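**Q**
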Amino acid sequence: RTSIEQLTYTGPGVNYSGCQITWAKFCKENMAGKGFSFWVWLDNIIDLVKKYILALWNEGYIMGFISKERERAILSTKPPGTFLLRFSESSKEGGVTFTWVEKDISGKTQIQSVEPYTKQQLNNMSFAEIIMGYKIMDATNILVSPLVYLYPDIPKEEAFGKYCRPESQEHPEADPGSAAPYLKTKFICVTPTTCSNTIDLPMSPRTLDSLMQFGNNGEGAEPSAGGQFESLTFDMELTSECATSPM
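No gaps in the numbering here: position 158 of the sequence shown is 158 in UniProt numbering, and each next residue is one more.
This is the structure in structure tokens:
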């Protein structure tokens, strides 16, 4: 299902009745500047939607097919914290990303995007949970979420909270040899906002892969080579950021 607004942003006011494209250009020839055809790209986007983000798509929450230029134009007039979801134009295997508005220290509007998430990363964590847990470190070393309102003005919690897993209410038995029961913990990824390379933004797919690899190694596992994982993760007391509604 495609909403009217989603269709509008693919090309507002354009009449496509006279437009034609050859079969070769549609499914055989590579797109300009890319090593894959339009059909390969579109087919992978469709598969991504069906398997991982169909509920969000049906809600109309994913802007989807929108160029970077159009994205910048509609976000530049919105308040900081406004973000939208779109498909990556350059990811052959199909990717979805989010872009948000923020202000720099001089008050100038900045548009930031995270590296696209593909099926590989979405196998490990739902896109809704990624959005709800996404954090950056501000200039005062405080962890904040840059994602506040889904475009045009839907509170993030209202849009995505119901798609997050409810926190477990079970309380594990305390270790008799310990002075206090264990605190629940979770891993979060943090990168200073001065970083200009989107591949290193917090909770980028690369960092998420590292998190999942660490978690699968079990307690006491060593961080991956290069030392990046250790510098990007914090072990913190778990608090509920998502609504308690079922998925």
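Positions of the beta carbon are idealized from the N, C-alpha and C atoms, including for glycine. Quantities reported herein were computed from a predicted structural model and do not represent experimental measurements.
Flag this pair as touching only if the segment 69-77 and the segment 47-60 have three or more C-beta atom pairs under 8 Å; answer yes or no.
**A** Touching, no, given that fewer than three Cβ pairs across the two stretches are closer than 8 Å.
**Q** Classify G107: buried if its beta carbon has 16 or more other beta carbons within 10 angstroms, exposed otherwise.
**A** With fewer than 16 other Cβ atoms within 10 Å, it is exposed.
**Q** Secondary structure at C242, three-state DSSP: helix, strand or coil?
**A** Bear in mind that the predicted position of C242 carries a pLDDT of just 37, short of 50, making it too unreliable to give a figure here.
**Q** Please return the same chain residues whose Cβ sits closer than 7 Å to the Cβ of N30, not counting the five positions on each side in sequence.
**A** Taken in chain order, the residues that qualify are F36 and S37.
**Q** Determine the closest residue to T118 out of E69, P146 and I130, with distance taken between C-alpha atoms.
**A** Minimum Cα distance to T118 is reached at I130.
**Q** Evaluate C164 with the Cβ neighbour count: other Cβ atoms within 10 Å of its Cβ, from every protein chain shown; 16 or more gives buried, anything less gives exposed.
**A** Buried is the call here.
**Q** When we look at the beta-carbon of N197 and count the other beta-carbons within 10 Å, is it buried (16 or more) or exposed?
**A** Confidence in N197 is poor, its pLDDT being 43 and thus under 50, which makes the residue's placement unreliable; the coordinate value appears in the next sentence. Exposed: under 16 other Cβ atoms inside 10 Å.
**Q** Looking at the unbroken beta strand (DSSP E) that takes in R86, where does it start and where does it end?
**A** Looking at the DSSP string, the run of the beta strand (DSSP E) that includes R86 is T82 to F87.
**Q** Suppose you measure from the CA of L150 to the CA of S67; what does that come to, to the nearest Å?
**A** Each residue's alpha carbon lies about 18 Å from the other.
**Q** Who does N30 pair with in a DSSP beta bridge?
**A** N30 pairs with S37.
**Q** DSSP on E102, reduced to helix/strand/coil?
**A** E102 falls in the strand class under three-state DSSP.
**Q** Taking the Cβ atom as the reference point for each residue, do R86 and T77 lie within a distance shorter than 8 Å?
**A** For R86 and T77, no; Cβs fall outside 8 Å.
**Q** Going by Cα to Cα distance, which pick from V49, T22 and C19 is closest to E93?
**A** Nearest C-alpha to E93: V49.
**Q** Measuring only the C-alpha atoms, how far is M132 from T22?
**A** Straight-line Cα distance between these residues: approximately 42 Å.
**Q** Tell me which residue opens and which closes the alpha helix (DSSP H) that I111 is part of.
**A** I111 -> not in any alpha helix (DSSP H); beta strand (DSSP E) instead, spanning T109 to S113.
**Q** Does the Cβ-Cβ distance between K103 and T109 come in under 8 Å?
**A** Going by C-beta atoms, K103 is nearer than 8 Å to T109.
**Q** Helix, strand or coil: which one does DSSP assign to C150?
**A** Strictly speaking, residue 150 in this sequence is Leu, with Cys absent from that position. DSSP places L150 in strand when its eight states are reduced to three.
**Q** Taking the DSSP output, what are the residues bridged to Y117?
**A** In DSSP, Y117 forms a bridge with V96.
**Q** On a CA-only basis, which of G161, K162, P146 and A55 is nearest F83? Give me that one, please.
**A** Taking only the C-alpha atoms, the option nearest F83 is P146.
**Q** Suppose contacts are defined by Cβ-Cβ distances below 8 Å. Is residue 261 in contact with P116 by that definition?
**A** This structure cannot speak to residue 261, because the chain is shown only from 1 to 247.
**Q** Does the Cβ of L122 have 16 or more other Cβ atoms within 10 Å, making it buried, or fewer, making it exposed?
**A** So L122 ends up on the buried side.
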